[in-house]
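Protein chains in written order, with the working numbering: chain V, 3 to 285; chain H, 196 to 365.
Have a look at the structure below before the remarks.
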Amino acid sequence: MADDYLYFPGCNIPYRENQYELSARAVAEKLGIKLHDRPFNCCGLNTEPLDEYAALLFSARNIAIAEEEGMDLVALCNGCYKTLRVANKKLHQDERLREKVNQGLSRIGREVKGTIEVHHILQLISERITPEHIVKKVRARIAPFTGCHAVRPSEYVDFGAAEKLVEMIKLAGGKVVRYKDMDKCCGAPLLALSEEMGISLARQRMLSMKARNAELAVTMCPFCQVSLDGLQVKAEQEFNETYDVPSLYITQLLGLAMGIKPEKLGIGENKKDPSAVLARVMV
Amino acid sequence: MEKMEPNYREVSSELVKEIKQEPGGEYISRCYQCGTCSATCVVNPFRNDFNPRRIIRMAVLGVENVLDSVEPWYCAVCYLCTERCPREVKPAAVLMAIKNVAAKHGRVPVAFKTINENIARIGRLFEIDDFTNFMREDMGLPPIEPLDEEEISKLIEGTRFEKIMKGEES
């Protein structure tokens with residue numbers, strides 16, 4: 003069972019970022035990671051500002067289903083990863099909280115016992131991938147972007163995402179661009195209240211990458227990708243600037259390096275077309 | 196909801212107690228106003244009124260109209276302040292607690308209520324319709340099955356969230 007996981011899609015990926023799931027499944031299959039599907043609800047993140055207890059109930063329903071199936075959860079989205087991981091750890095550690103949450107879950111005939119773990123797909127991939135899996139090199143200057151919730155709050159989220167992302171870029175043949183904004187907010191959380199501010203934050207990230215001559219960015223979260231990819235296009239129009247740093251999901255980058263066809267990785271779905279850069283740097 | 200104009204004439208010693216009762220609000224009184232949170236904040240350079248140090252000060256002083264302000268809702272919840280706070284106040288969690296108290300009293304910005312409408316009804320932020328599932332099938336991805344709406348409404352039954360979404364807050 004060690005390589006069987008329950009895939010947690012979250013809300014964003016199936017709605018507008020299917021290329022992340024497509025590329026993650028393709029890479030996972032090559033590495034022997036089996037992903038299983040169940041009907042999960044929102045991780046809980048969106049409900050936290052209104053009612054943290056209800057948010058915890060949303061997280062707990064997902065965790066309870068994973069426990070029923072006897073498999074760990076794997077998330078592709080940093081937001082889902084953080085929310086489920088924090089909830090799971092709190093429910094493991096705090097017996098009174100677990101009792102309170104289980105009271106709520108009893109209304110739907112479910113229970114959390116504390117028997118599973120929550121992982122990020124990057125963690126599972128980085129534990130299994132070896133140089134033997136790499137058949138092509140992406141010889142570009144690549145800016146890694148972890149975003150927030152793969153690295154913070156460090157009290158709960160602690161798998162070394164930044165180091166792993168850098169390691170994966172090197173493995174794929176890329177040159178890692180060091181810049182100051184790697185783990186700063188992408189801007190996406192601000193879109194709800196102000197699109198202008200979301201775009202402004204995304205623009206700042208693009209300018210930092212551009213200043214270090216990055217040719218590609220690599221993300222590990224659909225929110226970060228929406229910012230660095232979709233909002234990059236909007237920022238270029240609004241500020242009348244050109245950044246030209248197409249953004250790939252880490253699973254798309256690794257997939258290319260593993261020799262998986264671009265159409266099997268959904269490269270064509272990315273808003274900022276990376277094909278010109280890729281044609282130049284792939285060997 | 197308005198920009199924050201602190202009204203020092205209307206203060207209440209109950210506010211900080213209420214915040215401390217929320218998960219994450221526990222450590223608010225540790226704050227010694229060093230401003231590390233505000234200096235660290237990625238949102239503040241784009242919106243000066245979003246100043247976590249100031250919001251926390253208002254709350255500690257019991258300036259109740261901090262609950263009427265939209266400012267706490269501008270937090271991107273990136274946790275940079277939480278990592279750097281020398282007093283382990285966990286400012287992002289304190290702001291979350293302030294939002295929870297505001298929500299309890301029916302003060303939720305429309306955008307945040309809208310986001311939660313689908314979640315309260317179908318359990319997810321976006322409804323995955325037949326067209327999206329058809330596109331997924333075309334890409335070779337399995338369909339996203341809808342959830343049992345009755346299970347979702349039972350899950351949130353009696354919670355503050357249910358009341359907030361129905362507009363029955365205290």
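From the three backbone atoms N, C-alpha and C, an ideal C-beta is built for every residue, glycine too.
For Ser202(V), does the count of other Cβ atoms within 10 angstroms reach 16, so buried, or fall short, so exposed?
Ser202(V) should be labelled buried.
Span of the alpha helix (DSSP H) holding Ile323(H)?
No alpha helix (DSSP H) contains Ile323(H), which DSSP labels as neither H nor E.
With respect to the beta strand (DSSP E) encompassing Pro146(V), which residues constitute its N-terminal and C-terminal limits?
Run containing Pro146(V): Arg143 to Pro146, per the beta strand (DSSP E) assignment.
Let me confirm a value: Asp231(V) is counted as buried when at least 16 other C-beta atoms fall within 10 Å, else exposed. Which label applies?
buried
Looking at C-alpha atoms only, which residue of Leu52(V), Val283(V) and Asp5(V) is the closest neighbour of Ala216(V)?
Val283(V)
Between which residues of its own chain and Leu59(V) is the CB-CB distance below 6 Å, once the five residues before and five after are set aside?
Gly106
May I ask which residues mark the beginning and end of the beta strand (DSSP E) holding Ala4(V)?
Run containing Ala4(V): none; DSSP gives neither H nor E here.
What does the alpha-carbon distance come out to for the pair Gly111(V) and Ala66(V)?
10 Å
Taking 9 Å as the threshold (beta carbon to beta carbon), is Asn14(V) in contact with chain H?
yes
Closer than 9 Å to chain H by CB, Asn53(V)
Strictly speaking, residue 53(V) in this sequence is Asp, with Asn absent from that position. Yes - at least one Cβ of chain H is within 9 Å of the one on Asp53(V).
With DSSP run on the structure shown, which of helix, strand or coil describes Ala174(V)?
coil
Using a threshold of 9 Å, state whether the C-beta atoms of Val153(V) and Ala164(V) are closer than that.
For Val153(V) and Ala164(V), yes; Cβs fall inside 9 Å.
At a Cβ cut of 7 Å, what residues of the region 246-269 of chain H count as close to chain V, listed as they run along the chain?
Trp268 and Tyr269
Extent of the continuous beta strand (DSSP E) to which Ser249(V) belongs:
Ser249 to Tyr251 is the extent of the beta strand (DSSP E) around Ser249(V).
Tell me which residues of the region 173-188 of chain V have at least one Cβ-Cβ distance to chain H shorter than 8 Å, keeping chain order.
Residues of the region 173-188 of chain V whose Cβ lies closer than 8 Å to any Cβ of chain H, in chain order: Lys186 and Cys187.
Which residues, in chain order, does the region 218-231 of chain H contribute to contact with chain V at a C-beta distance below 9 Å?
Pro218 and Gly219
Kindly indicate which residue of Glu240(V), Met208(V) and Gly261(V) has the alpha-carbon position closest to the one of Pro248(V).
Met208(V)
Does any C-beta atom of chain H lie closer than 9 Å to the C-beta of Tyr7(V)?
no
To the nearest angstrom, how far is the alpha carbon of Gly335(H) from that of Ser229(V)?
Looking at the backbone, the Cα of Gly335(H) and that of Ser229(V) are separated by about 26 Å.
Can you tell me whether DSSP reads Leu75(V) as helix, strand or coil?
In the three-state reduction of the DSSP assignment, Leu75(V) falls in the strand class, which pools E and B.
Per DSSP, what kind of secondary structure is Tyr17(V) in: helix, strand or coil?
helix
For the region 40-68 of chain V, which residues have a CB atom closer than 7 Å to at least one CB atom of chain H, in sequence order?
Pro41, Asn43, Cys44, Asn48, Thr49, Glu50, Pro51, Leu52, Asp53, Glu54, Tyr55, Ala56, Leu59 and Arg63
So does the region 97-105 of chain V actually touch the region 4-13 of chain V, counting three or more Cβ pairs closer than 8 Å?
no
Contact with chain H by Arg18(V), beta-carbon distance below 9 Å:
Any Cβ of chain H closer than 9 Å to the Cβ of Arg18(V) would place that residue at the interface, and such an atom is present.
When you check each C-beta in the region 106-128 of chain V against every C-beta of chain H, which residues fall closer than 8 Å?
Gly106, Leu107, Arg109 and Ile110
Which ranges does the alpha helix (DSSP H) cover as unbroken runs of at least 4 residues, wholly within the region 229-265 of chain V, from first to last along the chain?
234-241 and 252-259
Span separating the alpha-carbon of Arg331(H) from that of Pro338(H):
7 Å
My guess is that Pro286(H) and Cys276(H) are in contact by the Cβ rule of under 8 Å, so how many angstroms apart are they, rounded?
4 Å
Compare the beta carbon distance of Phe307(H) and Pro51(V) with 9 Å and say whether it is the shorter of the two.
Taking the C-beta atoms as reference points, Pro51(V) is found nearer than 9 Å to Phe307(H).
In angstroms with no decimal places, state the Cα-to-Cα distance between Ala89(V) and Phe326(H).
The alpha-carbon atoms of Ala89(V) and Phe326(H) are separated by roughly 33 Å.
Report the three-state DSSP secondary structure of His135(V) (helix, strand or coil).
helix
Using a cut-off of 9 Å between C-beta atoms, extract the partners of Ala194(V) located in chain H.
Trp268, Pro304, Ala306, Phe307, Thr309 and Ile310
Run down chain H in chain order and give the residues with a C-beta less than 7 Å from the C-beta of Glu23(V).
Leu336
Same chain, Cβ closer than 7 Å to Cys273(H), five either side skipped, listed in chain order:
Val237
Beta-bridge partners of Met284(V), as assigned by DSSP
Val140(V)
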